[in-house]
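Chemist: Just dropping this structure here.
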Amino acid sequence: MFKYVFSAILAVIVSITFVFDIELTNATIGSLFVAGILGCLVVFLLFKFGLHYKIKALNNFANAFYYSVLEYKKAQVTPSGISYRESVREQAEVALAANFDPTLATADLKIPATLYSGKNPLLAELRARIQKAEKIKLEARNLDRKANVILGKTKEEMVENELAEKESGRVLDRVFEIETGVAAIIDLTAAEIGEQSYHRAPDYDLITRIAFDDNVYFSHTYKYFESDDVEGVLFRAPFMIILMGIIGTFAGFYLALSQGGDIKSGASVAIISSLFGLPISLLMDYINTLFPDKDQYQQAFNKFKVCLEMLFVHEQELNREETEVETTKLLEEKELALEKAEQERIEALAQQQAELEKQKQLAVAQTEQEIKKHAEHQTAELKREKELALQEAEKIRIEALAKQEAELRRQKQLEIVRAEREIKEQAEREAEKLKKENELALKEAEKKSREALAKQEAELEKKDNKRWPKQLRRLKRMPNAKPRN
Numbered sequence: 002m003f004k005y006v007f008s009a010i011l012a013v014i015v016s017i018t019f020v021f022d023i024e025l026t027n028a029t030i031g032s033l034f035v036a037g038i039l040g041c042l043v044v045f046l047l048f049k050f051g052l053h054y055k056i057k058a059l060n061n062f063a064n065a066f067y068y069s070v071l072e073y074k075k076a077q078v079t080p081s082g083i084s085y086r087e088s089v090r091e092q093a094e095v096a097l098a099a100n101f102d103p104t105l106a107t108a109d110l111k112i113p114a115t116l117y118s119g120k121n122p123l124l125a126e127l128r129a130r131i132q133k134a135e136k137i138k139l140e141a142r143n144l145d146r147k148a149n150v151i152l153g154k155t156k157e158e159m160v161e162n163e164l165a166e167k168e169s170g171r172v173l174d175r176v177f178e179i180e181t182g183v184a185a186i187i188d189l190t191a192a193e194i195g196e197q198s199y200h201r202a203p204d205y206d207l208i209t210r211i212a213f214d215d216n217v218y219f220s221h222t223y224k225y226f227e228s229d230d231v232e233g234v235l236f237r238a239p240f241m242i243i244l245m246g247i248i249g250t251f252a253g254f255y256l257a258l259s260q261g262g263d264i265k266s267g268a269s270v271a272i273i274s275s276l277f278g279l280p281i282s283l284l285m286d287y288i289n290t291l292f293p294d295k296d297q298y299q300q301a302f303n304k305f306k307v308c309l310e311m312l313f314v315h316e317q318e319l320n321r322e323e324t325e326v327e328t329t330k331l332l333e334e335k336e337l338a339l340e341k342a343e344q345e346r347i348e349a350l351a352q353q354q355a356e357l358e359k360q361k362q363l364a365v366a367q368t369e370q371e372i373k374k375h376a377e378h379q380t381a382e383l384k385r386e387k388e389l390a391l392q393e394a395e396k397i398r399i400e401a402l403a404k405q406e407a408e409l410r411r412q413k414q415l416e417i418v419r420a421e422r423e424i425k426e427q428a429e430r431e432a433e434k435l436k437k438e439n440e441l442a443l444k445e446a447e448k449k450s451r452e453a454l455a456k457q458e459a460e461l462e463k464k465d466n467k468r469w470p471k472q473l474r475r476l477k478r479m480p481n482a483k484p485r486n
């Protein structure tokens, strides 16, 4: 919204300057720039005051919440029996009451010196209010667990029922809706904790960011301007004023040269715009340095986040102690119950043993009679079953013998056929073997016969050579001659 308003102002100035035929002189330009710079200073102071007041109120609430958590940790040493969400709401409402309840008296209250440093005199009153509110809250919780322990509960109910009028706080708090905004922070924080269902350590940064950034009462200045945009423009305002002074300087020289006038008249406009622009720029920068809204917002953010963490850790420690105490108590009760149960068990066992012994004797006598009758009946039954079994076994034996004889006959025939086949095959093999042996013998005899004939022929030839050597030599000389016998 802020950027649109600023753009509209620039558009109006440009349209008046260029659309309408206005004769611009050095004096007119000087007056316009001086009026514009002074107007920017007024707007700067207005928005700076609104933004700073809201951030200061937010920081005061964070401080009150921080010290309410400290007081709660000192006062609440036993398990509270409430959830983390309700604990956060209660301590935040204590801080809310300490900041905005005008009926809470601070006189005659003991303020521990360790809780404040003395740099800020308002901290003493704030801590006193917190101590009083914390004491009332704890007393109310002890009297009635269902009671709402915020300070001023009874009077608020009377206001709601139109039985009394609500006492108003400061005018600026009503104008900027500070109390409503702080209540919205409490509601957003509790809603986020409940929605996320944190059973372990919560995301404190996320919860704090949602409580602060999604709160329309603190995220906007004068309802329609976003605080982030306002803070950005206010931070750059000194530089913008310097630029306006520089533009005024050049505008004075430009008009003096374009109208053919004296350069000294243009210099006067430049000097006037610079004389107004530079001090006002320094003033704005000094105000921004003196009231660092961004740093204070970050301090409030961090302090609120630390409070959530401190409260969660404290509740966890209390619940852990409660669990340990309950566990110890349960263990002691369990041991006593076990001892009592053991004694009762021993007595019951003794009584039960006597009763069982008596019942055992009766049962033994009755059982003996039943066993005797049952044995006689079983004997007769077994005898009859034995006879039937013997008959059945004899019948089965006869059938088995018949089957066995038939099987033996069949096997005998098969063995005879197989033996005949084997004998026949063996005879064939023997005949084949004899045939092969005869052939080998014939071959061997023929071989020996040939060798004997060859040997005999050699001997005969040798003898002939001895008997007729001369005829042989002669025959050799006479190849065509034949020997005589």
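Add 1 to a position in the sequence shown, counting from 1, and you land on the number used in my numbering. Glycine is no exception: its CB is placed at the ideal position from the N, C-alpha and C atoms. If you're wondering where the values come from, they're calculated on a predicted model, not measured in any experiment.
#1: So Tyr225 is in the alpha helix (DSSP H); what residue range does that whole segment cover?
#2: The alpha helix (DSSP H) that contains Ser220, what's its start and end?
#3: From Val234 to Gln317, what distance separates their C-alpha atoms?
#4: For Leu152, count the other beta carbons within 10 Å of its own beta carbon; 16 or more makes it buried, fewer makes it exposed. Which is it?
#5: Flag this pair as yes or no: are the beta carbons of Leu52 and Ser220 separated by less than 8 Å?
#6: Along the chain, where does the alpha helix (DSSP H) that runs through Asp206 open and close?
#7: Output the boundary residues of the alpha helix (DSSP H) element that contains Ala191.
#8: Beta carbon of Glu310, beta carbon of Tyr205: below 8 Å?
#9: Is it right to say Asp294 is buried, meaning 16 or more other beta carbons lie within 10 angstroms of its own, or is it exposed?
#10: Is Ala202 helix, strand or coil by DSSP?
#11: Could you have a look at Ile83 and say whether DSSP puts it in helix, strand or coil?
#12: Skipping 5 residues on each side, what residues in its chain have a beta carbon closer than 6 Å to that of Arg422?
#13: Ser93: buried (16+ other C-beta within 10 angstroms of its C-beta) or exposed?
#14: Report the rounded CA-to-CA distance for Glu356 versus Arg385, giving the unit in angstroms.
#15: Give me, in chain order, the residues of the same chain whose beta-carbon lies closer than 7 Å to that of Arg90; leave out the 5 immediate sequence neighbours on both sides.
#16: Compute the distance between the beta-carbons of Met245 and Ile38, then report whether it is under 8 Å.
#17: Between Phe213 and Phe313, is the Cβ-Cβ spacing less than 8 Å?
#18: Within 10 Å of its beta-carbon, does Asn466 have 16 or more other beta-carbons around it, so buried, or fewer, so exposed?
#19: Using the C-alpha atoms, what's the distance from Ile56 back to Phe34?
#20: Have a look at Ala184, Lys464 and Glu336 and flag the residue whose alpha-carbon is nearest the alpha-carbon of Tyr493.
#21: Are there 16 or more other CB atoms within 10 angstroms of the CB of Leu164, so buried, or fewer, so exposed?
#22: Which residue wins for smallest C-alpha separation from Gly40, given the options Ile281, Ala342 and Lys330?
#23: Helix, strand or coil: which one does DSSP assign to Phe48?
#24: Where Asn60 and Tyr68 are concerned, what is the direct C-alpha to C-alpha distance, given to the nearest angstrom?
#25: Run the CB neighbour count on Thr368, radius 10 Å, all protein chains shown included, and call it buried at 16 or more, exposed below.
#26: Measure from the alpha carbon of Glu232 to the alpha carbon of each residue in Glu433, Phe48 and Ala428, then state which is nearest.
#27: Would you report the Cα separation of Phe240 and Lys74, rounded to the nearest angstrom?
#28: Please state if the CB of Gly195 and the CB of Arg346 are separated by a distance shorter than 8 Å.
#29: For Glu178, which residues of its own chain have a beta-carbon under 6 Å away from its beta-carbon, when the five flanking residues on both sides are left out?
#30: Based on Cα-Cα distance, which residue from Ala453, Ala238 and Lys373 lies nearest to Leu46?
Modeler: Concretely, from the data shown:
#1: Per DSSP, Tyr225 belongs to no alpha helix (DSSP H) and is neither H nor E.
#2: Counting along the chain, the alpha helix (DSSP H) containing Ser220 begins and ends at Val217 to Ser220.
#3: Separation of Val234 and Gln317 (C-alpha to C-alpha, rounded to the nearest whole angstrom) is 44 Å.
#4: A caution first: Leu152 carries a pLDDT of 47, below 50, which makes its placement in the model too unreliable to give a value.
#5: no
#6: Tyr205 to Asp214
#7: Ile179 to Gln197
#8: yes
#9: buried
#10: coil
#11: coil
#12: none
#13: Sequence inspection shows Ala at residue 93; the Ser mentioned does not correspond to that position. Buried, because 16 or more other Cβ atoms sit within 10 Å of the Cβ of Ala93.
#14: 42 Å
#15: Ile187 and Ala191
#16: yes
#17: Cβ atoms of Phe213 and Phe313: not closer than 8 Å.
#18: exposed
#19: If you take the alpha carbons of Phe34 and Ile56, they lie about 32 Å apart.
#20: No answer is possible for residue 493: it lies beyond the span of the chain, which begins at 2 and ends at 486.
#21: Here the model assigns Leu164 a pLDDT of 45, short of 50, so the residue's position is not dependable, and the following value carries that caveat. Answer is exposed; the Cβ neighbour count stays below 16.
#22: Ile281
#23: Of the three classes helix, strand and coil, the one that applies to Phe48 here is helix, per DSSP.
#24: 12 Å
#25: exposed
#26: Phe48
#27: 48 Å
#28: no
#29: Tyr218
#30: Ala238
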